[in-house]
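S.K.:
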Amino acid sequence: MRYSFKIGSAWGIPIELHFTFILLILAVFVLSLLNLPFYSVGSSFYTFFIVVFLFVFVFFHELAHSVVARRYGIKVRKIVLYPIGGVSEIEEIPDNPAQEWRMAFAGPLTSLVLGFALLGASSIFTPNLLPLLLAFSAGTGNIIFDLAILNILLGLFNLIPAFPMDGGRVFRAVLAERMKYSDATRYAVTLGRILGFVMVIVGFIYNFLLILVGLFVYIGASEEGEQTIISTKLAGVRVKDVMHCEVGFVSPQQTLTEALEVMFKNRYHDALVEKDGVFLGMVTWAELMKVSNGDR
Numbered sequence: 005m006r007y008s009f010k011i012g013s014a015w016g017i018p019i020e021l022h023f024t025f026i027l028l029i030l031a032v033f034v035l036s037l038l039n040l041p042f043y044s045v046g047s048s049f050y051t052f053f054i055v056v057f058l059f060v061f062v063f064f065h066e067l068a069h070s071v072v073a074r075r076y077g078i079k080v081r082k083i084v085l086y087p088i089g090g091v092s093e094i095e096e097i098p099d100n101p102a103q104e105w106r107m108a109f110a111g112p113l114t115s116l117v118l119g120f121a122l123l124g125a126s127s128i129f130t131p132n133l134l135p136l137l138l139a140f141s142a143g144t145g146n147i148i149f150d151l152a153i154l155n156i157l158l159g160l161f162n163l164i165p166a167f168p169m170d171g172g173r174v175f176r177a178v179l180a181e182r183m184k185y186s187d188a189t190r191y192a193v194t195l196g197r198i199l200g201f202v203m204v205i206v207g208f209i210y211n212f213l214l215i216l217v218g219l220f221v222y223i224g225a226s227e228e229g230e231q232t233i234i235s236t237k238l239a240g241v242r243v244k245d246v247m248h249c250e251v252g253f254v255s256p257q258q259t260l261t262e263a264l265e266v267m268f269k270n271r272y273h274d275a276l277v278e279k280d281g282v283f284l285g286m287v288t289w290a291e292l293m294k295v296s297n298g299d300r
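Going by the numbering used here, the residue at position 112 of the sequence shown is 116; the numbering climbs one at a time, nothing skipped.
1) To the nearest angstrom, how far is it from the Cα of MET293 to the Cα of VAL287?
2) What are the partner residues of TYR210, as DSSP defines its beta bridges?
3) Can you tell me whether TRP105 is buried or exposed? The criterion is at least 16 other CB atoms within 10 Å of its CB, across all chains shown.
4) Can we say the segment 186-201 touches the segment 115-124, given the rule of at least three CB pairs closer than 8 Å?
5) Leaving out five residues before and five after GLY171 in sequence, what residues of the same chain have Cβ atoms less than 8 Å from its Cβ?
6) What residue range does the beta strand (DSSP E) around LYS79 cover?
7) Can you tell which of LEU58, GLU93, LEU85 has its C-alpha closest to the C-alpha of SER70?
8) Check the C-beta distance from ILE83 over to GLU66 and give it rounded, since I have them as a contact under 8 Å.
9) Along the beta strand (DSSP E) that carries GLY285, what are the first and last residues, could you check?
10) Who does ASP274 pair with in a DSSP beta bridge?
11) Helix or strand or just coil, what does DSSP make of SER255?
12) Closest by CA to LYS79, which one among LEU214, ALA125, ILE17?
13) Check for me: the alpha helix (DSSP H) holding GLY172 runs from which residue to which?
14) Would you call the CB atoms of PHE61 and LEU160 closer than 8 Å?
15) Quick one: what does DSSP say GLY12 is sitting in, helix, strand or coil?
16) Does the beta-carbon of ARG271 have 16 or more other beta-carbons within 10 angstroms, so that it is buried, or is it exposed?
17) Given PHE283, which residues of its chain have a CB within under 7 Å of its CB, disregarding the five upstream and five downstream residues?
18) In terms of residue numbering, what span does the alpha helix (DSSP H) encompassing LEU154 cover?
19) Report all residues from its chain with a CB closer than 6 Å to the CB of GLY229; omit the five preceding and five following residues, and keep chain order.
20) Could you please give the first and the last residue of the uninterrupted beta strand (DSSP E) stretch that includes GLU20?
21) In angstroms with no decimal places, state the Cα-to-Cα distance between ASN155 and GLU181.
22) State yes or no: is the C-beta of SER8 within less than 8 Å of the C-beta of PHE23?
23) Taking C-alpha atoms, which residue in LEU28, TYR86, ALA68 lies nearest to VAL221?
24) Can you look up LYS279 in the DSSP assignment and give me helix, strand or coil?
Laid out in structure tokens, this is it:
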């Protein structure tokens, strides 16, 4: 996937980090340098630890997808981590829509389970938890509670029925039972793009971080659509289905003009160079066209 780089691997699965994760860390760093009254150095360190833990929980979220995929015998190429989710790039899309929605739902379910487990743990250390629960907001200073809320929000956000969220895959799987797979994908991608665009606009008015989230959603939805189009078109296609059975032959003594005439008359894109039945090499139409008329 574009805009990401490898940071390691787990159980043979390459792990990549999306550039928006770096933007999030930079945003935290810049806010700490601005010395704003509502954002102290102490809060920047706290936010940094939250981002690090968020990275770990996003990894668990994506690993859940991969575990279910492998259970169905599907190879996972790599995992790309985003600040609010990730993408498990699989070898092939399941033909069975039920398998796809189970794979997609595994991630949000893991985040929700982790979130409520942390919520239970925070209740042990925070006797009066009710006001925090009513606020339902991270940034309280209670790191266990904040991580619980972030995991719950991560799970709920990924259930939104639009790409690139997991809910988009669940939505596509449901639609795929009633229409063509490509049409179902198009609906989920369109919803994702609209949602991303709206988030960016709202972010300019209310919150800068919402702009980053909107960009993530829009870019992720677009990439998901491109990948699905390619995989759908190539599904079941073998080399023998696209190979050329007719091949042109030219001799090394022929001029380039003569070779072009042979290829033009027979509509060959390339021709093999042979002498006395021995294969010497190959010339292509594109390479010959690069040579000026005077040099042919």
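A virtual CB, placed ideally from N, CA and C, is assigned to each residue, including glycine.
M.R.: On the basis of the coordinates in this document:
1) Along the sequence shown, one-based indexing puts residue 293 at 289. Along the sequence shown, one-based indexing puts residue 287 at 283. The alpha-carbon atoms of MET293 and VAL287 are separated by roughly 11 Å.
2) Residue mapping note: residue 210 aligns to position 206 of the sequence shown, counting from 1. None; TYR210 has no bridge partner.
3) Walking along the sequence shown from the start, residue 105 turns up at place 101. Its Cβ being crowded by 16 or more others within 10 Å, TRP105 is buried.
4) no
5) Counting from 1 along the sequence shown, the entry for residue 171 is found at position 167. So the list reads ALA108, PRO112, ASN162, LEU163, ILE164, PRO165, once near-sequence residues are dropped.
6) The count along the sequence shown starts at 1 and reaches residue 79 at position 75. Run containing LYS79: none; DSSP gives neither H nor E here.
7) Position 66 of the sequence shown, counting from 1, holds the residue named residue 70. Minimum Cα distance to SER70 is reached at GLU93.
8) On the sequence shown, residue 83 is found 79 positions in, with the first residue counted as 1. On the sequence shown, residue 66 is found 62 positions in, with the first residue counted as 1. With a Cβ gap of about 5 Å, ILE83 and GLU66 count as contacting.
9) Sequence index remark: in the sequence shown, residue 285 carries index 281 (1-based). Counting along the chain, the beta strand (DSSP E) containing GLY285 begins and ends at 282-288.
10) Walking along the sequence shown from the start, residue 274 turns up at place 270. Paired residues: THR288.
11) The count along the sequence shown starts at 1 and reaches residue 255 at position 251. Three-state result, SER255: coil.
12) For the purposes of this step, residue 79 is taken as residue 75 along the sequence shown, with counting starting at 1. For the residues LEU214, ALA125, ILE17, the minimum Cα distance to LYS79 belongs to ILE17.
13) Reading the sequence shown from its first residue, position 168 is the one you call residue 172. Per DSSP, GLY172 belongs to the alpha helix (DSSP H) from 170-180.
14) Counted from its first residue, the sequence shown places residue 61 at position 57. Counted from its first residue, the sequence shown places residue 160 at position 156. Not in contact: PHE61 and LEU160 (Cβ atoms no closer than 8 Å).
15) Reading the sequence shown from its first residue, position 8 is the one you call residue 12. Three-state DSSP puts GLY12 in a strand.
16) What you label residue 271 is simply residue 267 of the sequence shown in a count that begins at 1. Per the 10 Å Cβ criterion, exposed.
17) Taking the sequence shown and counting its residues from 1, the one referred to as residue 283 is at position 279. Same-chain partners within the cutoff: LEU276.
18) As a working mapping, residue 154 is identified with position 150 in the sequence shown. LEU154 -> alpha helix (DSSP H) spans 147-161.
19) Taking the first residue of the sequence shown as 1, we reach residue 229 at position 225. Hits under 6 Å: VAL193.
20) As a position in the sequence shown, residue 20 is number 16, starting the count at 1. Note, GLU20: beta strand (DSSP E), 17-22.
21) Taking the sequence shown and counting its residues from 1, the one referred to as residue 155 is at position 151. Taking the sequence shown and counting its residues from 1, the one referred to as residue 181 is at position 177. Going from the Cα of ASN155 to the Cα of GLU181 covers about 31 Å.
22) As a first step, residue 8 must be located in the sequence shown, where it is residue number 4. As a first step, residue 23 must be located in the sequence shown, where it is residue number 19. In contact: SER8 and PHE23 (Cβ atoms closer than 8 Å).
23) Start at 1 with the first residue of the sequence shown, and residue 221 comes out as number 217. Of the listed residues, the one whose Cα sits closest to VAL221 is TYR86.
24) Along the sequence shown, one-based indexing puts residue 279 at 275. Three-state DSSP puts LYS279 in a strand.
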